[in-house]
Amino acid sequence: MGPLSPAASACAVIGAADVGLQAGTGSIRFLSDIKDAPAEVEKLRLGLQETTPIVEASKDYLETLNNGAPDS
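Each residue of the sequence shown is one higher than the one before, counting from 98 in this note's numbering.
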């Protein structure tokens, strides 16, 4: 074994520990961010439910305008 082997092993262990720590921190942050997800999803669903009739009416109106336009 060369004189750098213990140092290289220590660096590898430190690197692996750092990756594990970052993954754990990222997981905690992600779980914290999604804890209110059900309420946010419900708000989004209600917003879409309210918006859909407006979009459908706009589409129908535009189709009516398009069908009534003279051909060029």
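Glycine included, C-beta positions come from ideal geometry on N, C-alpha and C.
- DSSP, reduced to helix, strand and coil, places Asp-133 outside both helices and strands of the structure shown, so it counts as coil.
- Secondary structure in the segment 99 to 162: the alpha helix (DSSP H) runs of 4 residues or longer, each lying completely within the stretch, are 102 to 131 in chain order.
- CA-CA distance, Leu-143 to Lys-156, rounds to 20 Å.
- Scanning its chain for C-beta atoms nearer than 8 Å, with the 5 sequence neighbours on each side dropped, one finds no residue around Asp-115.
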